[in-house]
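In what follows, a structure is listed as structure tokens, so that the remarks can point back to it.
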Amino acid sequence: MRSAPPARRLRLGLPRRAFSQVLLMQLAIAAGVAVLATGLFLAPLGEQLDDQAMRRALAIAQTTAQQPQIADGVRSTEPSPDGPVQREAERIRRATGAEYVVVLDVRGVRWSHTDPERIGGLVSTDPGEALAGRDVMEIDDGTLGRSARGKVPLRDGDGEIVGAVSVGIAYDSVRARLVHAVPGLFAHAGGALAVGALAAWIVSRRVQRQTRDLAFSDIAALLAEREAMLHGIREGVVALDADSRVRLLNDEAQRLLGVGEEAVGRSPGEALGAGRTADVLAGRVTGTDLLAVRGRRVLVANRMPTDDGGAVVTLRDRTELERLGRELDSTRGLIDALRAQDHEHANRMHTLLGLLELEMYDDAVEFVGEVVGDHRVTSEQVTEKIRDPLLAALLVGKATVAAERQVALRISDGTRLPDRLVDPRGLATVVGNLVDNALDAVAGTPQARVEVELRAEGRTAVLVVRDTGPGVPPERRELIFTEGWSTKEPPAHRERGIGLSLVRTLAERQGGSARVGEASGGGAEFTVVLPEALTGPGAEPSPTGAREATEERA
């Protein structure tokens, strides 16, 4: 026998969705405000109606006391149901709609009353204040029940008090006016509540769209997860608002950009200064995997717009990868040079073997002498003008690679560089970048030639690289130093467009410059000035300084 499934218990409580909770709270607030406003209006309304009734009674009493026949009747006649005072009082009562109009003498004896049998009797309430000459307004109980009363003194023609006039307005009529006002008040309150409910529903629908119909607990969890994710990931995250002002930076972004929390609320240009990095963050440079140089770091940025008109930019540190890529480029250059030398060496050995097999020994000796002499002449020319062994070895290797690519690499006659470099590796990187670019520019052109000039002017190193390539148009001479800009296809292991930017950054950081112009024979001429690149005469270069400069360049 199958048991029946347990009945689900009805769970009462607040709804989980933010939309429902906001709507419920706003309805409760609107209803509470409507009830409170109604109560605050009703509380003084009763007092206002009482005051109006008492003032009306007092006005009728004052009007009655002004009638001269009333005072004359009190002085000249006896109290009687058919007397002139009773007749005049009843006329006034019927004309004004008062509950009663009572005229009494100074003894408190009634001269008029709604009930004629009470005429001649004493009044039920103390008339002392009215007989003393003061006007009285009050709510009190009498022989006709509870009423709003007005009492005034009655004076004769000489101004002497001869009695008093008391007028009453039935309190039931006051209450009826209050009760009659309640439905209209509730109708207005209900209308206001309906308008408030409609406004609450509209606001709640907007909240529902903006919160994606999530519960408050879900929103709190998402916020906690976002904080943990933003501060835990190893990528920089920068969020900008619709006005392109920074509204959030995680810890990694602060580290990569070298800024702190003071950048929040400022534009990228204000926080970082003018440059490509600020342009990338602000969206003035578009694309994917955009390269930027910030201090000693090479960054890759991607910008994603958001629905509110802002954007989120992610930053990755490619400094180490870029350094490894450049080391790989250097290694590949060395391998190319070795390959070219190996190819040339194999050709020479085959030639020498043929001469020996033909027993042309004198020709073989002469051939070996020429080969050794040519290589020695090239090496001696470089080392004679460039005393630093690292730069000399680099240019000898580049000369071999250039010869393999059918490009003439020449060291200028004006080249003179002593062995006093502070950072020979840094200068070697600059020379290698510019020579490689020049070789790429002239490769495949007739009579291709590259000329390198290195000279010292005091403690300043000046590097000039000229080529016979197509040159750089004037409108692009500043653009080529921009991070990420290149006309070449990028290799598989890294992006292009960093070499010239780093060359300029290194030069400007040392107070120098890097520029490009037109060579005298056509082609491009790159000039790099590096102040304080050499030590003073007699001083030895600092390995530590060279190592720090190399790290800064990376």
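Going by our numbering, the sequence shown opens with residue 3, and the numbers climb by one from there.
All C-beta atoms in this analysis are idealised placements derived from N, C-alpha and C, irrespective of residue type, glycine included.
query: Which residues bound the beta strand (DSSP E) around Glu-565?
result: The question about residue 565 has no answer, for the chain in this structure spans 3 to 556.
field: CA-to-CA distance, Gln-50 to Asp-84, given in whole angstroms
entry: Rounded to the nearest angstrom, the two C-alpha atoms are 38 Å apart.
- prompt: Beta-carbon separation of Asp-421 and Arg-389 under 7 Å?
  reply: Contact: yes.
Buried versus exposed, by CB contacts within 10 Å (16 or more), Ala-244: If you draw a 10 Å sphere on the C-beta of Ala-244, you find fewer than 16 other C-beta atoms in it, and that means exposed.
message: For His-495 and Ala-405, I'd like the C-alpha separation in whole angstroms.
response: Any reading at His-495 needs caution, since the residue's pLDDT is 43, under 50, leaving its predicted position unreliable; the model's value is listed next. Taking the straight line from one Cα to the other gives about 26 Å.
task: Classify Met-362 as helix, strand or coil using the three-state DSSP reduction.
output: Residue state for Met-362 is assigned as coil, using DSSP reduced to three classes.
message: Checking 7 Å against the spacing of the C-beta atoms, do Val-315 and Val-266 come in under that value?
response: No, they are not a contact pair.
Endpoints, alpha helix (DSSP H) assigned at Ala-273: Segment 270-274, the alpha helix (DSSP H) holding Ala-273.
- prompt: So, helix, strand or coil for Asn-252, using DSSP?
  reply: The answer is coil: DSSP assigns Asn-252 none of H, G, I, E or B.
message: So that I know if they touch, is there some Cβ in chain D lying closer than 7 Å to that of Val-35?
response: The structure shown contains no chain D; it is built from a single protein chain.
query: Between the C-alpha atoms of Leu-242 and Gly-275, what's the straight-line distance to the nearest angstrom?
result: Inter-residue distance for Leu-242 and Gly-275 is about 16 Å (C-alpha atoms, whole angstroms).
- prompt: In chain order, what residues of the same chain have a beta carbon less than 7 Å from the beta carbon of Ala-273, not counting five sequence neighbours either side?
  reply: Here the set comprises Val-248, Val-261 and Ala-265.
Gly-159 in three-state terms, based on DSSP: Three-state DSSP puts Gly-159 in coil, outside helix and strand.
- prompt: Going by alpha carbons, who is nearest to Val-518 out of Arg-412, Pro-475 and Ala-194?
  reply: The candidate whose alpha carbon is nearest that of Val-518 is Pro-475.
- prompt: Using a Cβ-Cβ cut-off of 6 Å (strictly less than) and excluding sequence neighbours within five positions of Glu-455, which residues of its own chain qualify?
  reply: Taking C-beta separations shorter than 6 Å and ignoring five residues to either side along the sequence, the partners of Glu-455 in its chain run Ser-414, Gly-416, Thr-417 and Val-466, following chain order.
query: How many whole angstroms separate the CB atoms of Val-409 and Leu-429, which I take to be in contact at a CB cut-off of 8 Å?
result: Their Cβ separation, rounded to whole angstroms, is 22 Å, which puts Val-409 and Leu-429 out of contact at 8 Å.
message: If you measure between the beta carbons of Leu-106 and Val-87, is that distance less than 7 Å?
response: Remark: C-beta atoms of Leu-106 and Val-87 do not approach each other more closely than 7 Å.
message: Let's see if you can read the secondary structure: which residues bound the alpha helix (DSSP H) around Gly-130?
response: In this chain, the alpha helix (DSSP H) harbouring Gly-130 covers 130-133.
task: Could you tell me if Ser-503 is buried or exposed, where buried requires 16 or more neighbouring beta carbons within 10 angstroms of its beta carbon?
output: Counting Cβ neighbours within 10 Å, Ser-503 comes out buried, since at least 16 surround it.
message: By alpha-carbon positions, which one of Val-403, Gln-449 and Gly-434 ends up nearest to Phe-528?
response: Ranking the options by Cα distance to Phe-528, first place goes to Gly-434.
Secondary structure of Ala-405, DSSP reduced to three states: Look at Ala-405 here: in three-state DSSP terms it is helix.
query: For the beta strand (DSSP E) that Arg-296 lies in, which residues bound it at each end?
result: Where Arg-296 is concerned, the enclosing beta strand (DSSP E) stretches over 292-296.
message: Within a Cβ cutoff of 6 Å, which residues of the same chain sit near Ile-121, ignoring the five residues on either side of it in sequence?
response: Around Ile-121, the same chain offers Pro-81, Pro-83, Arg-112 and His-115 as residues with beta carbons nearer than 6 Å, after the five sequence neighbours per side are excluded.
Gly-99 in three-state terms, based on DSSP: DSSP, reduced to helix, strand and coil, places Gly-99 outside both helices and strands of the structure shown, so it counts as coil.
- prompt: Taking Cβ positions, are Val-154 and Ala-67 nearer each other than 7 Å?
  reply: Their beta carbons are under 7 Å apart, which means Val-154 touches Ala-67 by this criterion.
message: I'd like to know whether the C-beta atoms of Ala-535 and Val-367 end up nearer to each other than 7 Å.
response: Between Ala-535 and Val-367, the CB-CB gap reaches or exceeds 7 Å.
message: Per DSSP, what are the beta-bridge partners of Asp-469 in this structure?
response: Partner residues in the beta bridge of Asp-469, as assigned by DSSP, are Val-452.
- prompt: Hey, Gly-238 and Asn-252 are a contact pair by Cβ (cut 8 Å); roughly how many whole angstroms apart?
  reply: Between Gly-238 and Asn-252, the beta carbon gap of about 7 Å places them in contact (Cβ cut-off 8 Å).
field: Extent of the continuous alpha helix (DSSP H) to which Ala-265 belongs
entry: Counted as a single uninterrupted DSSP element, the stretch harbouring Ala-265 is not any alpha helix (DSSP H), since DSSP gives it neither H nor E.
query: Mapping DSSP to helix, strand and coil, what is Arg-257?
result: If DSSP states are grouped into helix, strand and coil, Arg-257 belongs with the helices.
Spatial neighbours of Ile-94 in its chain, beta-carbon cut-off 6 Å, leaving aside the 5 residues before and after: Closer than 6 Å at Cβ, skipping near neighbours: Thr-66 and Val-103.
- request: Would you kindly check if the distance between the Cβ of Leu-60 and the Cβ of Gly-152 is under 7 Å?
  value: Result yes, Cβ atoms of Gly-152 and Leu-60 sit closer than 7 Å.
field: beta strand (DSSP E) segment containing Leu-317, residue limits
entry: Run containing Leu-317: 313-319, per the beta strand (DSSP E) assignment.
task: Can you tell me which of Glu-140, Glu-162, Gly-285 and Ala-294 puts its alpha carbon nearest to the alpha carbon of Thr-507?
output: Nearest of Glu-140, Glu-162, Gly-285 and Ala-294 to Thr-507, Cα basis: Ala-294.
- prompt: Are the beta-carbon atoms belonging to Asp-364 and Leu-357 less than 7 Å from one another?
  reply: Against a cut-off of 7 Å, the Cβ pair of Leu-357 and Asp-364 comes out as no contact.
- prompt: Taking Cβ to Cβ, would you say Thr-288 is nearer than 7 Å to Asn-304?
  reply: Contact flag unset, no.
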